[in-house]
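What follows is a set of notes on a single structure, which appears directly below.
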Amino acid sequence: MPFRRKRTDWQSLVSTAATGVMTFSVVAMVGVILGNIVWNGAAQMSLHFIFGGTKEGMFDAAHAGVFPMIFGTVALVVLMTLGVLPVGVITAIYLSEYARSTSAVTRVIRGAINNLAGVPSIVFGLFGLGFFVQFVGGGIDKVFYGGQLNYGKPALVWAAATMAVLTLPVVIVATEEALRAVPKGLREGSMALGATKLETIWRIVLPQALPGVITGAILAVGRGAGEVAPIMFTGAAYFLAHLPSHLSDQFMNLGYHVFVLSTQSPDIERTKPILFGTVLVLLMLTFLLNLAGVIVRARIRARARQANG
Amino acid sequence: MNNGCGTPQAGALSGRATLAEAILRRKHRWGEWLVERGIFMVSLSAILMIFLIFIFVGREALPVALGRTNNARIQKPIVAAEIPRLSPEKLAAYLGMTVADLKTYDADTLRQLVELKGQELQDIGNPDARINTTSWNMMTEPYRWHGYDKPEFIWQPVSEIPKFNIIPLIIGSLKATLVALLLSVPLGVGAAIYVSQLARPSVRETVKPAIELLSGIPSVVLGFFALIVLATMLQTVFGYESRLNAFVAGVALGLTVIPIIFTISEDALSSVPKAFTHAALALGASPWKAAWQVVLPAAVPGVFAACVLGFGRAIGETMVVLMASGNASIVSGSIFDSCRTLTASIAAELAEVVFGGDHYRILFLLGALLFAATFLTNLLGDVVVHRLKLKLEGSR
């Protein structure tokens, strides 16, 4: 056999080239999509477009502004982060610092997190409507407002709550990764000096893992800013004349607006410029956040490899 | 900021003091114990959420799932004399109103309403009006409707006789998912093999984040891209008739699935011990042969799990198919025909239904089916990945 190895191994060569072509065609697709959107969207960018509101002619390029949608999206992700961060971080602390990886409870928790990450986003929408809007919101109205309709309808706070449930796995996974990347020696050193386990976590481990916690939050925000299906029935509005001022108000949202513009417009050619502009704004928001998350995460992984390897 | 934390100086001064301190502190540990219990309780929230989703989606779907609903337009007419003997619930259902509404009417008005209803029922000439279209039979089997010449599967929830056959939606979902997987499995797995086994490290470090960034593009943006740009492009290339169809939706859907299949396959391939590759190379195999005949077979369960999870993601994806599939609920074998998926039906119709009505409950039933499908695929994927991990760690 070894004598014949001198001949060119065409099969290997062709196959390697084929997988290489596959890889770069995926990268090329990403490039084409982004390039197309940036190219077409850049023309629409102006201060008026970003900071202007939509009063009349929502589908008309000359009047359109996306400020209400940016405001709604930001309000949504801020509320969502307030909800998801504590729960996600505490769960991650339990999984990385306390849980025994072999115990049944830990496996069930991990299974639940994985499953939560795989639940279709539209099911979160149904859940948000059935649980938050009707059950919790309806309950609040019954108890505190004597049945008057306040919270028992789609609202900013319920959309944020739904989105918090959806992004919970993202925060948990990112935070746990960061916690595990903190060298064992630091924990042992702290315990050896007489600190309790909780003190060690609070004063030593958590500060060290802070970049990872922030990454988790960033990734969650990136996800939350782009998801549309969960908020369609829990709070997003087709059109509102005023910015939301209260938790029980509905809101406009960039992603939902992209959907509305591209499917409801009476004249798609005239709407196209705003559509590309809105998509570009949405992409800049989610993409920059994701990029930041990916970079910080890669650094943490490299550090973990050094610390544990 | 030094409350409770043992100071290092104390230990240096006297061993006895620290011991006493430790004993003293131990007494106060119940506070920490409480906090640690709290951490444990919070960590159960993911389980709680899965449970709540199950309960609250299932709850709305239950009456239909158990066959407790009946939406036949013609039921046995109620005679006015029977009114006092009937339960308010039954009377309300018969008249198509809530019990609360019913109580606002006096006996005389009620009698008139019942008579009107009886009149109305007699006037309906459509034989389909006798059918309970929310029964499982009507939802899953073809039926020859009045005016049709052969039995058909029809999803037509808003019409005089609402038709809730879910087969067209399931076929639509499967069609789009199939196209998506045909595109994303070869590309995702091929890219994973290349990046994890064959590429130079510098190439790997740039290509991997680039593909992972694809998962950062919101699905509504991919839906928009498919609708505005891709649909026209593909129609020019392939020359099919309907601009929006299962094929366009499937291609765009494939873009959302590629990063999932790529990431999980790449993880599985990378976790195969390097010794496998080294041994193969030492025996004279080319890098490709080592990857294809040694590493890939060892990682096959992981690649399989990647495909299963990709399937779960594709069938649950909403915005892309809602925008790019054309949404016509027809049963057809061609991928170049428009299709309506389970997810798109929920998204498009839920905003316009009566809360608590049959249509509303059936949409929740679709959601419950989707939840069950993805729950099972996730479970399967999880188990496979877990087994693979144990196997590879054992062989190290």
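Heads up: the protein sequence lines correspond to chains A and Y, in order. Position in the first sequence (from 1) plus 1371 gives the number in my numbering. Position in the second sequence (from 1) plus 7 gives the number in my numbering. The C-beta atom is built at its ideal place from N, Cα and C for all residues, glycine as well. Keep in mind that this is a model prediction, so the values were computed, not measured.
So, under 8 Å CB-CB, residue i and residue j are touching, yes? Tell me the CB distance rounded to an integer number of Å.
i, j, result
"SER1386 of chain A", "TRP295 of chain Y", "5 Å"
"ALA1530 of chain A", "ALA1608 of chain A", "ALA1530 of chain A to ALA1608 of chain A, Cβ: 10 Å. No contact."
"GLY309 of chain Y", "ILE271 of chain Y", "7 Å"
"ILE1572 of chain A", "GLU1468 of chain A", "6 Å"
"MET330 of chain Y", "GLY230 of chain Y", "4 Å"
"LEU1769 of chain A", "ILE1408 of chain A", "Only positions 1372 to 1680 of chain A appear in this structure, which leaves residue 1769 of chain A out of reach."
"LEU176 of chain Y", "LEU349 of chain Y", "5 Å"
"VAL328 of chain Y", "VAL1458 of chain A", "Not really, about 31 Å apart at Cβ, beyond 8 Å."
To the nearest angstrom, report how far apart residue i and residue j are at their CA atoms.
i, j, result
"ALA1413 of chain A", "LEU1487 of chain A", "37 Å"
"GLY18 of chain Y", "LEU1564 of chain A", "The pLDDT assigned to GLY18 of chain Y is 43, lower than 50, so where the model puts this residue is not dependable; a value taken from the coordinates is nonetheless given after this. Taking the straight line joining both Cα atoms gives about 9 Å."
"ASP389 of chain Y", "ILE54 of chain Y", "16 Å"
"VAL228 of chain Y", "LEU188 of chain Y", "20 Å"
"ALA1528 of chain A", "GLY1508 of chain A", "The sequence shown places Val at residue 1528 of chain A, not Ala. Whole-angstrom Cα-Cα distance: 10 Å."
"CYS314 of chain Y", "LEU386 of chain Y", "13 Å"
"PRO169 of chain Y", "GLY1648 of chain A", "40 Å"
"ILE62 of chain Y", "SER249 of chain Y", "40 Å"
"LEU1453 of chain A", "ARG1594 of chain A", "15 Å"
"PHE1438 of chain A", "PHE1610 of chain A", "13 Å"
"ASN172 of chain Y", "LEU98 of chain Y", "28 Å"
"LEU1662 of chain A", "LEU1577 of chain A", "23 Å"
"MET1372 of chain A", "ALA198 of chain Y", "Bear in mind that a pLDDT of 48 at MET1372 of chain A, under 50, signals an unreliable position, so the number given afterwards is only what the model happens to contain. So the alpha carbons of these two residues sit roughly 31 Å apart."
"GLU167 of chain Y", "ARG92 of chain Y", "31 Å"
"GLU212 of chain Y", "SER203 of chain Y", "10 Å"
"VAL391 of chain Y", "LYS281 of chain Y", "21 Å"
"ILE1602 of chain A", "THR1444 of chain A", "11 Å"
"PHE245 of chain Y", "GLY333 of chain Y", "17 Å"
"GLY1587 of chain A", "GLY38 of chain Y", "29 Å"
"THR1462 of chain A", "GLU96 of chain Y", "46 Å"
"LEU303 of chain Y", "PHE283 of chain Y", "11 Å"
"ILE1639 of chain A", "HIS1434 of chain A", "15 Å"
"THR14 of chain Y", "ARG36 of chain Y", "Only weak support is given to the placement of THR14 of chain Y: the predicted model assigns it a pLDDT of 45, under 50, and the question is left unresolved by the model."
"ALA1470 of chain A", "ILE1543 of chain A", "14 Å"
"THR1642 of chain A", "ASP1620 of chain A", "27 Å"
"ARG1574 of chain A", "VAL1460 of chain A", "15 Å"
Taking Cβ-Cβ distances shorter than 8 Å, what residues in chain A pair up with residue i?
i, result
"TRP299 of chain Y", "SER1386"
"ILE353 of chain Y", "ILE1493, GLY1496, LEU1497"
"THR284 of chain Y", "Chain A residues near THR284 of chain Y: none, gap ~14 Å exceeds 8 Å."
"ALA358 of chain Y", "MET1603, PHE1604"
Which residue's Cα is closest to the Cα of residue i: the options?
i, options, result
"THR184 of chain Y", "Y:GLY257, Y:ILE353, Y:ALA238", "Y:GLY257"
"LEU1614 of chain A", "A:PRO1540, A:MET1440, A:ASN1411, A:PHE1503", "A:MET1440"
"ILE1645 of chain A", "A:GLY1436, A:VAL1541, A:LEU1497", "A:GLY1436"
"ALA72 of chain Y", "Y:GLU127, Y:LEU109, Y:THR140", "Y:THR140"
"ARG1674 of chain A", "A:GLY1626, A:GLN1579, A:ASN1624, A:VAL1629", "A:GLN1579"
"GLU400 of chain Y", "Y:VAL236, Y:ALA305, Y:LEU251, Y:HIS285", "Y:ALA305"
"ALA1708 of chain A", "Y:LEU190, Y:ARG394, Y:LEU51", "In the structure as shown, chain A begins at 1372 and stops at 1680. Residue 1708 of chain A is therefore absent and cannot be evaluated."
"VAL1584 of chain A", "A:ASN1485, A:ARG1551, A:PHE1506", "A:ARG1551"
"GLN1415 of chain A", "A:VAL1652, A:VAL1397, A:HIS1617", "A:VAL1652"
"ALA1399 of chain A", "Y:VAL186, Y:LYS398, Y:GLY374, Y:LEU220", "Y:LEU220"
"VAL361 of chain Y", "Y:GLU67, Y:SER94, Y:LEU234", "Y:GLU67"
"TRP299 of chain Y", "Y:ALA312, Y:VAL279, Y:LEU316", "Y:VAL279"
"PHE269 of chain Y", "A:VAL1667, A:TYR1516, A:ALA1669, A:THR1390", "A:THR1390"
"VAL1392 of chain A", "Y:ILE200, Y:PRO70, Y:LEU117, Y:GLN119", "Y:ILE200"
Using the beta-carbon of each residue, which ones in chain Y are nearer than 8 Å to residue i?
i, result
"GLY1501 of chain A", "PHE63, VAL64, ARG66, GLU67, PHE371"
"ALA1483 of chain A", "ALA53, ILE54, MET56, ILE57"
"ALA1549 of chain A", "The premise fails here: ALA1549 of chain A is roughly 16 Å from chain Y at the closest Cβ pair, so nothing lies under 8 Å."
"ALA1389 of chain A", "GLY197"
Which residues of chain Y have a Cβ atom closer than 7 Å to the Cβ of residue i, listed in chain order?
i, result
"THR1462 of chain A", "VAL49, SER50, SER52, ALA53"
"ASP1620 of chain A", "The contacting residues do not exist; ASP1620 of chain A stays about 18 Å from chain Y at best."
"THR1657 of chain A", "GLY223, PRO225"
"VAL1599 of chain A", "VAL227, MET326"
Report the neighbours of residue i on chain A: residues whose CB is nearer than 7 Å to its CB, in chain order.
i, result
"LYS296 of chain Y", "SER1383"
"ASP389 of chain Y", "GLY1482, ASN1485"
"ASN385 of chain Y", "ASN1485, ASN1486, GLY1489"
"THR381 of chain Y", "GLY1489, VAL1490, PRO1491"
"THR350 of chain Y", "PRO1491, ILE1493"
What in chain Y is Cβ-close to residue i, meaning under 9 Å?
i, result
"SER1417 of chain A", "Those do not exist, as SER1417 of chain A stays about 21 Å from chain Y at its closest Cβ, beyond 9 Å."
Looking at the ligand MG, does it come within less than 8 Å of residue i, judged from the CB to the closest heavy atom?
i, result
"GLY195 of chain Y", "With respect to the ligand MG, the structure offers nothing, as it holds no ligand at all."
Since residue i meets chain A, which of its residues come closer than 9 Å, beta carbon to beta carbon?
i, result
"ILE218 of chain Y", "THR1394, VAL1397, VAL1398, VAL1401"
Item to complete: Enumerate, from N- to C-terminal direction, the unbroken alpha helix (DSSP H) stretches of 4 or more residues contained entirely within the region 104-146 of chain Y.
Response: 106-109, 114-130
Practice prompt. Mind listing, in chain order, the continuous alpha helix (DSSP H) runs of no fewer than 4 residues lying wholly within the region 1596-1646 of chain A?
Written response: 1625-1635
Practice prompt. List in chain order: all unbroken alpha helix (DSSP H) runs of 4+ residues lying wholly within the region 186-235 of chain Y.
Written response: 208-221, 226-232
Practice prompt. Please go through the region 306-332 of chain Y and give each complete alpha helix (DSSP H) segment of 4 or more residues, from N-terminal end onward.
Written response: 326-331
Worksheet item: In chain order, what residues of the region 1572-1587 of chain A put their CB closer than 8 Å to some CB of chain B?
Response: Among the protein chains of the structure shown, namely A and Y, there is no chain B.
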